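First to last, the protein sequences are chains A, P, Z and E.
Quick note on numbering: the UniProt record's numbering labels position 219 of the first sequence as 219, and the sequence is numbered without any gaps.
Quick note on numbering: the UniProt record's numbering labels position 138 of the second sequence as 138, and the sequence is numbered without any gaps.
Quick note on numbering: the UniProt record's numbering labels position 44 of the third sequence as 44, and the sequence is numbered without any gaps.
Quick note on numbering: the UniProt record's numbering labels position 80 of the fourth sequence as 80, and the sequence is numbered without any gaps.
Number of protein chains: 4
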Amino acid sequence: MAPRKLHVGIVGLGRMGRRHALNFLERTFRAEVVAAWALDDEEAGWGHKELEPHGATIYTNYDQFLQHAGLEAVVIATIAGAHADQAIKAIERDKHVLCEKPLSHSSEIVSRHISYPCLNADTLKSQSVVDVASQKPQLKVLCAFSRRFDASYRKAWERVKSGAIGEAVVFRSQTCDMINRTSFFLPYAKASGGVFLDLNIHDIDLCLWFFGQDVVVKSVSASGVCAVHPELAEVGDVDNAMSIVEFWDGKVAQFFASRIMASGQHDMSEIIGTKGKLVVNSNPADSLVEMHEAGGIRRELPTDYYGRFEQAFVTEANEFTAACLDDTELPFSLPGAVKAVEIAIALRDSLASGQKIHFDRSGRRIS
Amino acid sequence: MAPRKLHVGIVGLGRMGRRHALNFLERTFRAEVVAAWALDDEEAGWGHKELEPHGATIYTNYDQFLQHAGLEAVVIATIAGAHADQAIKAIERDKHVLCEKPLSHSSEIVSRHISYPCLNADTLKSQSVVDVASQKPQLKVLCAFSRRFDASYRKAWERVKSGAIGEAVVFRSQTCDMINRTSFFLPYAKASGGVFLDLNIHDIDLCLWFFGQDVVVKSVSASGVCAVHPELAEVGDVDNAMSIVEFWDGKVAQFFASRIMASGQHDMSEIIGTKGKLVVNSNPADSLVEMHEAGGIRRELPTDYYGRFEQAFVTEANEFTAACLDDTELPFSLPGAVKAVEIAIALRDSLASGQKIHFDRSGRRIS
Amino acid sequence: MAPRKLHVGIVGLGRMGRRHALNFLERTFRAEVVAAWALDDEEAGWGHKELEPHGATIYTNYDQFLQHAGLEAVVIATIAGAHADQAIKAIERDKHVLCEKPLSHSSEIVSRHISYPCLNADTLKSQSVVDVASQKPQLKVLCAFSRRFDASYRKAWERVKSGAIGEAVVFRSQTCDMINRTSFFLPYAKASGGVFLDLNIHDIDLCLWFFGQDVVVKSVSASGVCAVHPELAEVGDVDNAMSIVEFWDGKVAQFFASRIMASGQHDMSEIIGTKGKLVVNSNPADSLVEMHEAGGIRRELPTDYYGRFEQAFVTEANEFTAACLDDTELPFSLPGAVKAVEIAIALRDSLASGQKIHFDRSGRRIS
Amino acid sequence: MAPRKLHVGIVGLGRMGRRHALNFLERTFRAEVVAAWALDDEEAGWGHKELEPHGATIYTNYDQFLQHAGLEAVVIATIAGAHADQAIKAIERDKHVLCEKPLSHSSEIVSRHISYPCLNADTLKSQSVVDVASQKPQLKVLCAFSRRFDASYRKAWERVKSGAIGEAVVFRSQTCDMINRTSFFLPYAKASGGVFLDLNIHDIDLCLWFFGQDVVVKSVSASGVCAVHPELAEVGDVDNAMSIVEFWDGKVAQFFASRIMASGQHDMSEIIGTKGKLVVNSNPADSLVEMHEAGGIRRELPTDYYGRFEQAFVTEANEFTAACLDDTELPFSLPGAVKAVEIAIALRDSLASGQKIHFDRSGRRIS
């Protein structure tokens, strides 16, 4: 008998949802896409055309979607503000969950969950997902930090783990998007939660990976400018942001985010240890081609993060599927995703107030 | 109704056959592996374990394998000497064929096929595949030059086609293997047909791609040394070879092959046009990680060609499958593969004799 | 008649003084080294051996040195704490002055000079050099920020000036020293004034170059760790420091300094403008050699900043000489050097207090 | 007493002569330019303006120039055809000689010198310089192969010498000029002796350095195309040439020359040993600046070989001067320069005839 496949449903068929849907459909051997939830007619139309022929049922009602017979796992790829609620519902229905980052950045009060004094309302929402998930330990609930599945970051991690650079003490990382001059940009950016939740959330997550999830934040400090997009100031955002995060553990991190790169997407990270340093992607390129032409030597870059991390998304789909089917451990745990949101929100607050924000030794925000 | 999938059989379950089998099984959405032919018990064992659970039948009799009900296409991944015969039989049985390179390098006389005065016995064998295939134009018969499916080479080709470098006039290319000190190396290398058929065949094929398949060879000249493996001299081979191929079309190519790279696999190519130059893979690396350590900055390389071209093999499997299912054109035609073998064999002869070999304007070898 | 040469005296014949002495002696065609001041017998001995045969008189008394007949210009290369006093005396004696960076970092009160409310005692000292120099406008007084003379930084500047990257809005720069495990390190580092005055002073100076010297600081914020050298904590210093400097002009800078690089010296900078970005030295190397060896591809780095900037020092000597002889403008003015010290000291204070430091719109420190 | 300086005379004040003149005048501390020979009024005018004020006498009569009182050494930087005669005369007048490459490429018969059966008239001329020089062993006679003085090539050589790559067995090297579309190009190129004597002569010299000057040529083979400059065919030259040189010592070299690079000057070399490989300049650049702009990341290249090797020329001037003053050994001997010419001429002949040229075990040309 052929090995059984995981029955997966996709939540949201927008840009990211379609990528996840096709990755699970075509590039995840052990999964089958059996259902999808579409936000609107346009999304549903895509689902009918691309997924239905392969056996998936398209829903526009989320509860009905969750009741699809045999559905085992859901992939949440809607707007960030919806992630937490949809994840919680799915967990309550006993589905494995792969949820796009960030878990949350909305500011509504999640009254039904116990409050955490050190968290504000934004992180509460993230925390609630963790709470619900913790009551169903048999479920696999994963926040989709795609870079954790990238082969280069994993290679770096293997070397750190092996002790090759001694103890990691300094982490420097950037997420820099290509400038986008289309009319889609401003609405997207304004709804994104800001550069820290939209871009640096990845760098923060990587930092927690390389430093260890148990590190305790001591302070955060952020600055930024609106260099090209003054409209971002309306939502308290910037198009270039730099920040420092200190930890009580004698470690320190420096982040940079930009939305104005002329050349393309450039995400890079640097892990400095007591014995050496690792750098990931200091020389970005979209291929191995160099063009020798009038003006010199040129190489092109990926135009967006998916161009850089496409293979990581495929790995993510396959590993999530394997963990669900085989009941094996996920590569990283959910509470770290909450910590990443917490740090990102503190950075946003620091940017807004122009003040450094301090935390006590338990990680409780004290200013 | 779900779109139908191509029913594929794998011929040979050695190192390359297993890779093809898994690529078609797990990473080619539109294909199903329904059968496989195993050379011996060891190969059959692997097939029973890895392929049978997913619905494939394992054969050790090639004729029975070809009679598997519903089999539509075969992937030939046996030793080079068997390629031609197996391909011809499959074509005669109306199967689409994806055949590993080279089509042939054996020296038996293929008596039943018309002789080509300009070809020696080696290329005859390749030519016979073309002849048989030409009688079944409905079949897709492809020689698996994996680099044709590599994203970087394709990007280079797009630029050449767009006129970005003017007319391509000089092609320089190398295939350099990591040194292999295991006991497997010598038997493998000695049976490989030599550096030109085993390594530079790729560079020759790329040359024919970038120059156009219709270019006519004017001369070939090859030299080489046994730097580390004196035993290769026993079969007329070397572990470092350099060669020049002139074309009557005012174009010229330079190749290099090495089997002694200390650092890893390094395959690179350079296309020089009248207006610019393209270089593929001048800075090889196995990932985006750079290690800053005592001694400087270091990066690691793939240890073999599969590490460099894995994704190209997957693309190859998917595109071959799509061409069979949709009856669309293959990305390149079969006769070019014969021309590549012809040039490789002429280079081997030049190396053996120490003489430059000349061809007339029709491409007929005259010395 | 042969064109006359500038009569130069070298102040201090330690490591840096010797380099300057030989650069002016052997590699500055329009200069002659006519005198040198030595701190002690060891330095004097070197001067007698290396400089005296070429016509230089060696002094151990600074006043007598300054009275050397025909002396026109002095190069100050003593410890940082002595720079300001020696420069002031030389200016008072009507000598042109090339003074090693930083102008000062000592904390003595310079009572004879008007006080600057926004400066603390440290910057006062720097400011006093400017005051004295401003009274002798015919003299060339230059703070030796060697990177200003580096060909790559100049090329970057030409592009910024040409408008190629639009308006420069973000500046990121690092000075990273190779780890030094000799017994010389700690005494040197402890006397150096700390990472901001010893290392990042260069990055700050570059920032003022690329942003324009008139930018007004809005805030500074610094963090750091003692990763390998816990002893540095005794003098309030760290071996890794990251910092952010905001300007009222809508620009922002991020600095990094490290004393623990395993691989070698790595100083790099990034200038981000509204239309593009320039990066200087993202791939450090001590030569054009790459070593392909077991373990991959490796390149070596300079082991110290002189290895990186040697040619810049030579250019500096030649341009300073030309400016003195021809009475032409120096490439940058002295007050900027004070501003750089001021920012570095504010960063040191921020590191010590753990607080962000704010400045009002006139650049006056308000916290 | 100040150490004495070498009294140098410059022969020829064209493009290269001016560079040598200024390097010896301004950047060679131990030398003085006391005289110069100018070909014509234009050259003499430059000499009067730039050299005379610093004490040099300008001559237009070569014999009178050689009789300049106190003249100790001459630097020959005229057209290649004049090198040998001028060098011989200078040696006969007991002057040290630094002679631009190549020693010769003219075809006149040098009747007064014993003939060398294996050399044709071209190399005879080179050989004659060696003969004359060998009679004055006290003189320093050096052929100006500037790359021998380049820091990167020297670093590579140190590693080879140390055994780091085992025995060097394969050498691959290229000299690629930026395309030149000015009216100066064709006259220059046509008089240059062709790509092998003008460009690859450097690579051949490097090959003899890394393989050892005693290696014996076994065969040479060359091919080429006129891709952009069909006029070069008139003088039997090409604008792209590739060649192979086999040695009886189990070593082999591959060269490439191009005059049509769109991006700039790109000279690189690769030394492959039994244990590793060294590459010099695989990533050419004119500075450490990378431009991140629309279209990707770009770096510029030197526009000519002097841009790449300027510092090597300065080192050459200083080391030649030191060898003359101190009577120390030159870094390489003169006979190698003849061997390089011999190989270059054989390659030119191979290109012309389309034939591989063979040599016997004594290095005697047999076809």
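Glycine residues also receive a C-beta, built at the ideal position from the N, C-alpha and C atoms.
Keep in mind it's a predicted model, so treat the numbers as computed, not measured.
Nonlocal neighbours in the same chain, by C-beta distance under 6 Å from residue i, ignoring five residues either side
| i | result |
| --- | --- |
| Arg18(E) | none |
| Asp249(A) | Val215 |
| His202(E) | Arg147, Thr175 |
| Ser263(A) | Leu301 |
| Val314(Z) | Asn23, Arg27 |
| His229(Z) | Asp239 |
| Trp37(E) | Val11, Tyr59, Tyr62, Phe65 |
Paired residues, beta bridge with residue i - DSSP
| i | result |
| --- | --- |
| Cys176(A) | Ser258(A), His266(A) |
| Tyr59(E) | Trp37(E) |
| Ser221(E) | Ile244(E) |
| Leu278(A) | Ile271(A), Met291(P) |
| Ala77(A) | BP columns for Ala77(A) are empty, so no partner. |
| His358(Z) | Ser219(Z) |
Start-to-end residues for the beta strand (DSSP E) that takes in residue i
| i | result |
| --- | --- |
| Ile244(P) | 240-247 |
| Cys226(P) | Run containing Cys226(P): none; DSSP gives neither H nor E here. |
| Val8(E) | 6-11 |
| Leu142(Z) | 141-144 |
Selection from the options that minimises the alpha carbon distance to residue i
| i | options | result |
| --- | --- | --- |
| Ala133(A) | Arg181(A), Gly166(A), Ala84(A) | Ala84(A) |
| Ala164(A) | Ile58(P), Phe255(P), His292(P), Gly81(P) | His292(P) |
| Ser128(P) | Ala337(P), Ile343(P), Ser353(P), Gly363(P) | Ala337(P) |
| residue 371(A) | Ala151(A), Ala191(A), Asp205(A) | The structure shown does not extend to residue 371(A), since chain A is modelled only from 1 to 367, so the question has no answer here. |
| Leu206(Z) | Leu66(Z), Pro53(Z), Leu39(Z), Ile343(Z) | Ile343(Z) |
| Ala285(P) | Gln135(P), Ser350(P), Thr303(P) | Thr303(P) |
| Cys143(Z) | Ser367(Z), Pro335(Z), Leu351(Z) | Pro335(Z) |
| Gln213(Z) | Ala69(Z), Pro230(Z), Lys251(Z), Asn200(Z) | Lys251(Z) |
| Pro331(Z) | Ala233(Z), Gly363(Z), Leu98(Z), Ala352(Z) | Leu98(Z) |
| Ala340(P) | Lys89(P), Phe255(P), Gly166(P) | Phe255(P) |
| Gln86(Z) | Gly9(Z), Ala352(Z), Ser333(Z) | Gly9(Z) |
| Gly47(E) | Lys277(E), Ser287(E), Ala21(E) | Ala21(E) |
Own chain residues within Cβ distance below 8 Å of residue i, not counting five before or after
| i | result |
| --- | --- |
| Arg30(A) | Pro3, Lys5, Leu6, Asn318, Thr321, Ala322, Leu325 |
| Phe247(E) | Phe211, Val215, Val216, Val217, Lys218, Ala253 |
| His266(P) | Gln174, Cys176, Asn281, Pro284, Leu301 |
| Thr57(E) | Val34, Ala35, Ala36, His68 |
Neighbourhood of residue i by C-beta distance below 7 Å, restricted to the same chain and skipping five residues each side
| i | result |
| --- | --- |
| Ala346(P) | Val220, Ile357, Arg365 |
| Phe149(P) | Ala312, Thr315, Glu316, Glu319 |
| Val225(P) | Val238, Asn240 |
| Asp360(A) | Ile366 |
Enclosing alpha helix (DSSP H) for residue i [first to last residue]
| i | result |
| --- | --- |
| Arg154(A) | 151-161 |
| Gly336(P) | 335-353 |
| Leu98(A) | Unbroken run through Leu98(A) is the beta strand (DSSP E), 96-100; no alpha helix (DSSP H). |
| Ile88(P) | 80-92 |
| His20(A) | 15-26 |
Cβ separation of residue i and residue j, assumed to be a contact under 8 Å, to the nearest whole Å
| i | j | result |
| --- | --- | --- |
| Glu100(A) | Ala77(A) | 5 Å |
| Val34(Z) | Leu71(Z) | 6 Å |
| Val160(P) | Ile244(P) | Not confirmed; about 21 Å, so no contact. |
| Ala233(A) | Ala257(A) | Contact flag wrong, Cβ pair sits at about 16 Å. |
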